[in-house]
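In what follows, a single structure is set out as structure tokens and then discussed.
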Amino acid sequence: MTFKTGLATALVAAVVAAIVSAATVLIVWRDSAATASLAGGISDKKAIEDVVQEYLTKNPEILVAMTTELDRRQQEEQDQQQNKAISENADALFRSDKSFTAGDPDGDVTVVEFFDYNCGYCRRAMPDVMKLTDNDDKVRVVFKELPIFGGDSEDAAKGALAAKMQGKYLEMHQKLFSEPGKANKEKVLRIANELGLDVPQLEKDMEGQEVADGLAEAYALAQSLGLQGTPLYLIGDRTIPGAPDDLYDQLVENVEVIRKEGCKTSC
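Numbering (the working numbering), first residue to last: 2 to 268.
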């Protein structure tokens, strides 16, 4: 309650200051004599400040409306910037050979997932993503490793991309998420051995240029999109941030919208 009250007071003060500042400029411009305008401005400024403060205090719904409108405009601006980034990076997002693609390679709708193997929400969401590819034979899912939780996450991402080079990406991907414990190099090597991969070659590839290029591309895309956390799902040019409880339903719904209406940008 104290926090909300303080926030409301600060907002009132900011609004009052902005209105009074604008009013003072008009007062000074209106008065012909410089001295008179300055004196009148100081006097009128205090009167305006009192009136505005009293009005806003008695009508707090105005501040709520202002905050709502500000949030709407900021979200609209963010959406426009994100759509621009999607359009400008469409090939890297939806058609890059640096990323593994599950489902139909020629599917009519593409879902892009940015994730970290040590992200709890990403782990929880993995079954929903795989369920989508199981139930919709026309969708394709592109996986973008975005290791934002440190060195272990980066090693896990490298391991998955290196497994891709031996044709076992999806198996590695699912095990890194489904098996208990932190995803790290030790887990990668153990899973690689279980999958029958060439482990020495995998370790070499983890530090190779192809894997480095894949991670660099994902980082650059995330920066262009203004992505600040994982997971993020792009369905065409529509987005789902995080892992809501109804993620599967939202994925299905957005896939159907894109399938029916197409993308507003190049996707």
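Every residue gets a Cβ at the ideal spot worked out from N, C-alpha and C, and that includes glycine. All values derive from a computational prediction rather than experimental measurement.
message = Let me confirm a value: Ile241 is counted as buried when at least 16 other C-beta atoms fall within 10 Å, else exposed. Which label applies?
response = Residue numbering aside, residue 241 sits at position 240 when the sequence shown is read from its first letter. Under this definition Ile241 is a buried residue.
query = In three-state DSSP terms, what is Arg239?
reply = Locating residue 239 in the sequence shown gives position 238, where the first residue counts as 1. Of the three classes helix, strand and coil, the one that applies to Arg239 here is strand, per DSSP.
task = With a threshold of 16 other CB atoms inside 10 Å of the CB of Thr231, please say whether the residue is buried or exposed.
result = What you label residue 231 is simply residue 230 of the sequence shown in a count that begins at 1. With 16 or more other Cβ atoms within 10 Å, it is buried.
ask   = For the ligand FMN, is there a heavy atom less than 6 Å away from the beta-carbon of Lys59?
value = In the structure on display, the ligand FMN does not appear, and there are no ligands present to speak of.
message = So, at 6 Å on beta carbons, what are the nonlocal neighbours of Gly215 in its own chain, with the 5 sequence-adjacent residues on each side left out?
response = For the purposes of this step, residue 215 is taken as the residue at position 214 of the sequence shown. So the list reads Lys99, Leu162, once near-sequence residues are dropped.
Beta-carbon proximity of Leu133 to Leu226, cut-off 7 Å = As a position in the sequence shown, residue 133 is number 132, starting the count at 1. As a position in the sequence shown, residue 226 is number 225, starting the count at 1. No.
message = Out of Gly243, Asp247, Arg239, which one is the CA nearest neighbour of Gly263?
response = If you number the sequence shown from 1, residue 263 lands on position 262. The option with the nearest alpha carbon to Gly263 is Arg239.
Cβ contact (3+ pairs, closer than 8 Å) linking the region 147-157 and the region 113-124 = yes
request  = Out of Glu208, Phe178, Met173, state which residue places its alpha-carbon closest to the alpha-carbon of Ala193.
outcome  = As a working mapping, residue 193 is identified with position 192 in the sequence shown. The shortest C-alpha separation from Ala193 is found at Met173.
ask   = Do you know whose CA, among Glu254, Ser154, Tyr234, Asp206, lies nearest Lys183's CA?
value = Position 182 of the sequence shown, counted from the start, is the residue given in the question as residue 183. Of the candidates Glu254, Ser154, Tyr234, Asp206, the one whose C-alpha sits nearest the C-alpha of Lys183 is Ser154.
query = Exposed or buried, Ala35, counting other C-beta atoms within 10 Å across all chains shown (16 or more means buried)?
reply = In the sequence shown, counting from the first residue as 1, residue 35 sits at position 34. In this predicted model, Ala35 has a pLDDT of only 46, less than 50, meaning its place in the structure is not dependable; the value taken from the coordinates is given anyway. Classification of Ala35: exposed, given that the 10 Å Cβ count is below 16.
ask   = Opposite Val142 in the DSSP bridges: which residues?
value = Locating residue 142 in the sequence shown gives position 141, counting from the first residue. Answer is Ala103, Val112.
query = The alpha helix (DSSP H) spanning Met207 covers which residue range?
reply = Along the sequence shown, one-based indexing puts residue 207 at 206. Start and end: 200-207.
ask   = Can the beta-carbon of Ile259 be found closer than 7 Å to that of Gly237?
value = As a working note, residue 259 is residue 258 in the sequence shown. As a working note, residue 237 is residue 236 in the sequence shown. Going by C-beta atoms, Ile259 is nearer than 7 Å to Gly237.
ask   = Given Glu204, which residues of its chain have a CB within under 6 Å of its CB, disregarding the five upstream and five downstream residues?
value = Here residue 204 is taken as the residue at index 203 of the sequence shown, counted from 1. Closer than 6 Å at Cβ, skipping near neighbours: no residue.
request  = Use the C-beta contact count for Leu198: other C-beta atoms within 10 angstroms, 16 or more gives buried, fewer gives exposed.
outcome  = By 1-based counting over the sequence shown, the position of residue 198 is 197. By the neighbour-count rule (16 or more Cβ atoms within 10 Å), Leu198 is buried.
message = Does Val29 come out as helix, strand or coil in the three-state DSSP assignment?
response = Position 28 of the sequence shown, counted from the first residue, corresponds to residue 29. Because the pLDDT at Val29 is just 43, under 50, the model does not fix this residue reliably, and the value given afterwards should be weighed accordingly. In this structure, Val29 counts as helix in the three-state DSSP scheme.
ask   = Secondary structure at Tyr249, three-state DSSP: helix, strand or coil?
value = For the purposes of this step, residue 249 is identified with residue 248 of the sequence shown, where counting begins at 1. Note: Tyr249 maps to helix in three-state DSSP.
request  = Rounded to whole angstroms, what's the CA-CA distance from Gly168 to Cys123? Just pull it up for me.
outcome  = Numbered from 1 along the sequence shown, position 167 holds the residue referred to as residue 168. Numbered from 1 along the sequence shown, position 122 holds the residue referred to as residue 123. Taking the straight line joining both Cα atoms gives about 23 Å.
ask   = Terminal residues of the continuous alpha helix (DSSP H) containing Ala184?
value = Position 183 of the sequence shown holds residue 184. Taken as a continuous stretch (DSSP letters only), Ala184 belongs to no alpha helix (DSSP H), as it is neither H nor E.
Residue range of the alpha helix (DSSP H) that includes Leu196 = Mapped onto the sequence shown, residue 196 falls at position 195. Taken as a continuous stretch (DSSP letters only), Leu196 belongs to no alpha helix (DSSP H), as it is neither H nor E.
task = Throw me the rounded Cβ distance for the Lys265 and Asn84 pair, which I believe falls under 8 Å.
result = Looking up residue 265 in the sequence shown gives position 264. Looking up residue 84 in the sequence shown gives position 83. The pair is a contact, with the Cβ atoms about 7 Å apart (cut-off 8 Å).
key: Nearest candidate by alpha-carbon position, reference Met207, set Gln224, Leu222, Ala221, Glu187   = The sequence position of residue 207 within the sequence shown is 206, counting from 1. Comparing Cα-Cα distances from Met207 to each of Gln224, Leu222, Ala221, Glu187, the minimum goes to Glu187.
Identity of the residues DSSP links to Tyr234 by a beta bridge = Numbered from 1 along the sequence shown, position 233 holds the residue referred to as residue 234. DSSP output for Tyr234 lists Glu114, Ile241 as bridge partner(s).
task = Whole angstroms is fine: what's the gap from Asp247's alpha carbon to Asp51's?
result = What you label residue 247 is simply residue 246 of the sequence shown in a count that begins at 1. What you label residue 51 is simply residue 50 of the sequence shown in a count that begins at 1. Cα-Cα distance, rounded: 49 Å.
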